[in-house]
Amino acid sequence: MDKVAIRFWGMWGLSLLVVLVVAACAVIAVWLSPTQYSRQIESSALVLAAIMMGWSAWQSRSIAYSSREQIEQMRQQRVEVVRPSLSLRPEHYTAGGGFMTLLLQNTGGLAREVKIDIEATNSLEKKSLFIPAIDTEHIVYLPIDIHKIERSSGTVKVKAYLKDSYNRNLTEELSIDFGMLRAEDRDFAFQEAPMYRALGNIERKLGEIERSLRQIEGDFKPIGRR
1 MDKVAIRFWG
11 MWGLSLLVVL
21 VVAACAVIAV
31 WLSPTQYSRQ
41 IESSALVLAA
51 IMMGWSAWQS
61 RSIAYSSREQ
71 IEQMRQQRVE
81 VVRPSLSLRP
91 EHYTAGGGFM
101 TLLLQNTGGL
111 AREVKIDIEA
121 TNSLEKKSLF
131 IPAIDTEHIV
141 YLPIDIHKIE
151 RSSGTVKVKA
161 YLKDSYNRNL
171 TEELSIDFGM
181 LRAEDRDFAF
191 QEAPMYRALG
201 NIERKLGEIE
211 RSLRQIEGDF
221 KPIGRR
């Protein structure tokens with residue numbers, strides 16, 4: 001049970017209790033009238049009624065505030081779900097531990113009107129690209145000589161200006177500092193994409209089917225042939 005429901009039922013229960021108390025006081029006041037206690041009981045009933053009205057108003061305000069908080073949290077969650085998430089991914093590895101191709105991958109929501117600025121230090125290479133949209137799990141090949149930048153211990157910087165599904169303007173900044181990696185004696189670890197693994201499995205399966213068909217063809221002897 002959430003906080004709003006707890007406050008609602010708490011307010012309802014307390015309201016019922018106060019109403020019963022006020023009604024009981026009124027009955028007692030009528031029953032004792034015109035005794036000396038009737039006015040005191042009537043005053044007490046009015047005080048309780050006033051307290052109840054004030055408490056109900058305060059609880060209503062608290063419930064409304066909590067509802068606004070929940071609505072805002074739900075809106076923020078929806079916004080985060082559709083937010084694009086860009087990252088750099090290497091491909092086409094070399095024997096020395098480097099790579100030849102740099103990819104920009106989106107693992108988040110749809111990115112629209114994407115403007116990409118690529119800058120590489122130590123090689124004076126700059127590129128400006130435009131992509132109408134990058135959907136979830138889509139990949140963009142960045143047309144730069146990444147191997148040359150790596151050899152010169154340079155830094156490649158990728159800055160993307162984009163819009164999400166809510167038409168918000170977002171900026172993503174990504175970079176790889178080859179000089180820092182070389183100073184720390186860090187090599188690039190080999191990454192295998194799930195798609196390539198699946199294609200490899202399909203290739204092996206097709207090879208097995210082909211060998212089985214050849215074996216069946218070799219065992220088959222047409223009628224009349226010796």
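Numbering (our numbering), first residue to last: 1 to 226.
Just so it is clear, CB atoms sit at the ideal spot from N, CA and C, and this is done for glycine as well.
Since the model is a prediction, treat every value here as computed from it, not as a measurement.
Quick one: what's got a C-beta closer than 6 Å to residue i's C-beta in the same chain, skipping five residues either side?
{"i": "methionine 1", "result": "Confidence at methionine 1 is low in this model, with a pLDDT of 49, below 50, so its placement is unreliable and the value that follows should be read with caution. Closer than 6 Å at Cβ, skipping near neighbours: no residue."}
{"i": "glycine 207", "result": "none"}
{"i": "asparagine 272", "result": "Outside the shown range of the chain (1 to 226) lies residue 272, about which nothing can therefore be said."}
{"i": "lysine 159", "result": "Asp117, Glu173"}
{"i": "leucine 209", "result": "Strictly speaking, residue 209 in this sequence is isoleucine, with leucine absent from that position. For isoleucine 209, where only same-chain residues beyond five positions count, there are no Cβ hits under 6 Å."}
Spell out the partners DSSP gives residue i in its beta bridges.
{"i": "lysine 163", "result": "Arg112, Asn169"}
{"i": "threonine 136", "result": "Paired residues: none, contrary to the question."}
{"i": "lysine 127", "result": "Ile118"}
{"i": "asparagine 106", "result": "Leu86"}
{"i": "glutamate 91", "result": "Thr101"}
{"i": "isoleucine 142", "result": "Sequence inspection shows leucine at residue 142; the isoleucine mentioned does not correspond to that position. Beta-bridge pairing links leucine 142 to Leu102."}
{"i": "leucine 174", "result": "Val158"}
Identify which residue in the options has its Cα closest to the Cα of residue i.
{"i": "isoleucine 118", "options": "Thr136, Leu181, Gly98, Pro143", "result": "Pro143"}
{"i": "leucine 129", "options": "Lys148, Glu113, Lys205", "result": "Glu113"}
{"i": "leucine 162", "options": "Lys115, Leu124, Gln73, Glu80", "result": "Lys115"}
{"i": "isoleucine 146", "options": "Asn167, Tyr166, Ala120, Lys159", "result": "Ala120"}
{"i": "glycine 109", "options": "Arg168, Arg204, Glu217, Gln215", "result": "Arg168"}
{"i": "leucine 124", "options": "Glu210, Ile149, Asp187, Glu203", "result": "Ile149"}
{"i": "phenylalanine 190", "options": "Arg211, Pro90, Lys126, Gln76", "result": "Pro90"}
{"i": "threonine 94", "options": "Lys159, Arg151, Glu217", "result": "Arg151"}
{"i": "threonine 171", "options": "Ala111, Gln215, Glu217", "result": "Ala111"}
Within its chain, find whatever has a CB closer than 8 Å to the CB of residue i; leave out the 5 residues flanking it on each side and keep chain order.
{"i": "serine 153", "result": "Asn122, Phe178, Gly179, Arg182"}
{"i": "histidine 92", "result": "Phe99, Met100, Thr101"}
{"i": "valine 81", "result": "Gly109"}
{"i": "aspartate 185", "result": "none"}
{"i": "isoleucine 202", "result": "none"}
Would a C-beta distance cut-off of 7 Å place residue i and residue j closer than the cut-off?
{"i": "leucine 174", "j": "leucine 88", "result": "yes"}
{"i": "leucine 104", "j": "valine 156", "result": "no"}
{"i": "aspartate 164", "j": "arginine 83", "result": "yes"}
If I measure Cβ to Cβ from residue i and keep anything under 7 Å in the same chain, skipping five residues before and after, which residues do I get?
{"i": "valine 79", "result": "Tyr166"}
{"i": "lysine 127", "result": "Ile118, Pro143, Ile144"}
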